[in-house]
Every structure is written in structure tokens, then in C-alpha cells.
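Enquirer:
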Amino acid sequence: MSTIPFNRSNQLLDRIEHPSSSIYSNLLQLCLQQRALEGTKRVHSHIKRSNFLLGVSSYNRIIDIYCKCGSLVDARKVFDEMSERDLCSWNTMVSGYAKAGRLKDARNLFDEMPERDNFSWTAIISGYVRHGFPIEALRLCRAMLKDYNVRCNKFTVCSALAASAATQSLTIGKEIHGHIVQTGIDFDAVVWSALSDMYGKCGSLDEARHIFDKTSDKDVVTWTAMIDRYFKSGRREEGFLLFSEINLTSLRSLGY
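The numbering used here puts the first residue of the sequence shown at 34, with every later residue one more than the last.
What follows is the structure in C-alpha cells.
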């Protein structure tokens with residue numbers, strides 16, 4: 034969406050003394066789509082001046098927009114000013130800090146959370162993995178596995194498996210694998226790929242191949258990663274054999 038409709042829509046704030054909630058909502062949506070920080074500040078300021086009463090979900094939305102516009106200072110100010118917060122409020126702020134690499138702020142807020150869900154754990158663990166702190170991510174993985182109130186989803190376990198792979202921690206990787214089986218998390222291509230990657234990088238190549246063979250929806254990246262593991266481990270013959278299987282699979286898919 035271009036900036037012209039946004040600028041025109043924003044002029045409504047000057048023309049309408051008391052905008053409705055739908056007008057504010059539409060303007061905030063435009064701000065989010067265009068990552069318009071100054072526009073967000075203007076709408077937010079107008080809401081405060083008009084004494085319009087926002088619900089928790091609306092405040093959460095403003096926090097999210099500020100985070101995505103890169104203004105964590107403004108996001109945190111809104112968070113701190115909220116008289117009432119829900120789990121989404123905390124998750125949005127923790128995620129914003131973690132994605133931006135402000136891991137100390139993310140962790141401090143995470144530790145203060147009155148409750149956590151799988152999104153909370155995914156946000157903090159993936160933040161540590163993304164910004165090069167896999168050991169700390171693994172410590173959190175262990176804590177997560179002991180939290181019986183959390184039912185992990187595929188995004189959480191994939192972040193945890195990435196941490197295990199980065200530190201070559203096979204023991205914890207196996208714990209996570211067992212957790213996946215016990216809790217019945219859906220084994221889609223993403224989870225299979227993360228498991229195979231973890232076992233491969235932890236030096237358990239046969240287990241990685243076992244997972245690879247069970248993956249029904251392999252893409253080029255999955256095939257290439259497995260072949261590369263064989264060659265890096267000196268098992269070149271198996272690498273060449275797997276490479277030949279790619280060609281056979283491609284021919285079959287074309288009906289030959």
C-alpha cells in the first residue's frame with residue numbers, strides 16, 4: 034500500500050474531534066503495514082490526548098507496531114504505562130527485545146513473567162540461538178522441558194534443536210526428540226529437518242539418516258544437507274549413493 038492513502042487517512046485525526054475505535058484501528062493497521070513509526074507516534078499521541086479508553090489488546094497492538102518499527106523505547110514505555118497486562122503483552126515485548134538482539138532486556142522481562150506459554154519460550158530461545166548464544170539457549174531448553182505447564186509446538190522444539198545442533202549437544206538433542214514423541218507434536222517436514230540437522234551436526238550420522246529417510250516431504254535443501262554431512266564425515270560413497278537417489282527421485286516425479 035502506498036504512502037498516499039496513509040497520509041490522507043492520517044488527516045482524519047485533524048478533522049474528527051473524537052475518532053471512533055474503528056478509525057484508530059484502521060490507522061494503526063496502515064502504520065503496521067508501512068512500518069510507519071512517525072505515523073504510529075501521531076496516532077498514539079492522539080489517542081492519549083483524546084482520552085480514548087483502549088483495551089489491553091489495543092495496547093498490545095501498539096507495542097507490536099513499535100517493536101516492528103524498531104522503536105523498542107516507545108514499545109517499553111507503552112508496556113510500562115499499562116495498568117493491566119495479559120500474556121500477549123509480555124510475549125510481544127520479550128519477542129521484540131529478543132529479535133533485536135537485546136537479550137539482557139528480553140531475559141529480565143522473561144524472568145519477571147507471571148506465566149509463560151510456548152510462544153514465550155520460543156521467543157527467548159530463538160533469540161539466543163539467532164544472536165549466537167546457543168549455550169544459554171540450551172539452559173533455557175532444559176528449563177522448558179521441566180515446565181509441565183508448557184506444551185511445546187513445532188516452533189519451540191525447532192529452536193531448541195537448533196541450539197543443540199549449534200553446541201553439538203547430542204544428549205539434550207535426544208531429550209528434545211523424546212519430548213517431541215511423548216507430547217505428540219506433529220512431525221512435519223520442518224520438524225524432521227530440524228531433527229536430522231541436529232543429529233548430523235552432533236556426529237550421529239546414522240540417526241540423522243534414519244530421520245532423513247522418514248521425512249516424506251524432502252526439498253533440495255534437505256537432500257543437500259544430508260549429502261554434505263556424508264562428505265564432511267569422510268563417508269563419500271554413501272554421499273554419492275544418496276546423490277544418485279536425488280536423480281532417480283526427480284525422474285520419478287516427472288513420470289519416467
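Every residue, glycine too, gets a C-beta built ideally from N, C-alpha and C.
As the structure is a computational prediction, the values presented were derived from the model and not from experiment.
Taking only the alpha-carbon atoms, compute the straight-line gap between residue 221 and residue 248 and give it to the nearest angstrom.
Expert: The alpha-carbon atoms of residue 221 and residue 248 are separated by roughly 8 Å.
Enquirer: Among 246, 238 and 65, which one has its Cα closest to the Cα of residue 267?
Expert: If we check each option's Cα against that of residue 267, 238 comes out closest.
Enquirer: I need the straight-line Cα distance from residue 208 to residue 69, nearest angstrom please.
Expert: Taking the straight line from one Cα to the other gives about 44 Å.
Enquirer: What residues in its chain sit with their C-beta under 7 Å from that of residue 210, if we drop five residues either side in the sequence?
Expert: The answer, listed in chain order, is 228.
Enquirer: Provide the residue span of the alpha helix (DSSP H) that contains residue 140, from first to last.
Expert: Its alpha helix (DSSP H) spans residues 136-145.
Enquirer: Ignore the nearest five residues each way along the sequence and tell me which others in residue 167's own chain have a CB closer than 6 Å to its CB.
Expert: Same-chain partners within the cutoff: 196, 199 and 200.
Enquirer: Grouping DSSP H, G and I as helix and E and B as strand, with all else coil, what is residue 267?
Expert: DSSP places residue 267 in coil when its eight states are reduced to three.
Enquirer: Using a threshold of 9 Å, state whether the C-beta atoms of residue 161 and residue 131 are closer than that.
Expert: Contact flag set, yes.
Enquirer: In whole angstroms, what separates the C-alpha of residue 203 from that of residue 180?
Expert: If I take the Cα positions, the gap works out to 21 Å.
Enquirer: Give every residue of the same chain whose Cβ lies closer than 8 Å to the Cβ of residue 235, excluding the five residues on either side of it in the sequence, and list them in chain order.
Expert: Contacts found: 197, 198, 201, 202, 203 and 206.
Enquirer: Who are the near neighbours of residue 104 in its chain, counting only those whose CB is closer than 6 Å to its CB and skipping five residues on each side?
Expert: Excluding positions up to five away in sequence, the list reads 70.
Enquirer: Could you pull out every residue in the same chain whose Cβ sits closer than 8 Å to the Cβ of residue 142, ignoring the five residues on either side in sequence?
Expert: So the list reads 123, 126, 127 and 130, once near-sequence residues are dropped.
Enquirer: Identify whether residue 51 lies in helix, strand or coil by the three-state DSSP scheme.
Expert: If DSSP states are grouped into helix, strand and coil, residue 51 belongs with coil.
Enquirer: Can you tell me whether residue 252 is helix, strand or coil according to DSSP?
Expert: Residue 252 falls in the coil class under three-state DSSP.
Enquirer: Identify the continuous alpha helix (DSSP H) that holds residue 230 and give its terminal residues.
Expert: Start and end: 222-234.
Enquirer: Taking DSSP as the reference, what is the three-state secondary structure of residue 87?
Expert: In this structure, residue 87 counts as coil in the three-state DSSP scheme.
Enquirer: Mind reading off the beta-carbon distance from residue 182 to residue 151? Whole number of angstroms is fine, and I expect it under 8 Å.
Expert: In fact, because the Cβ distance is near 10 Å, the residues do not count as touching under 8 Å.
Enquirer: What residue from 240, 98 and 193 has the CA that sits closest to residue 212's CA?
Expert: Comparing Cα positions, the closest option is 193.
Enquirer: My guess is that residue 102 and residue 73 are in contact by the Cβ rule of under 8 Å, so how many angstroms apart are they, rounded?
Expert: Confirmed, about 6 Å.
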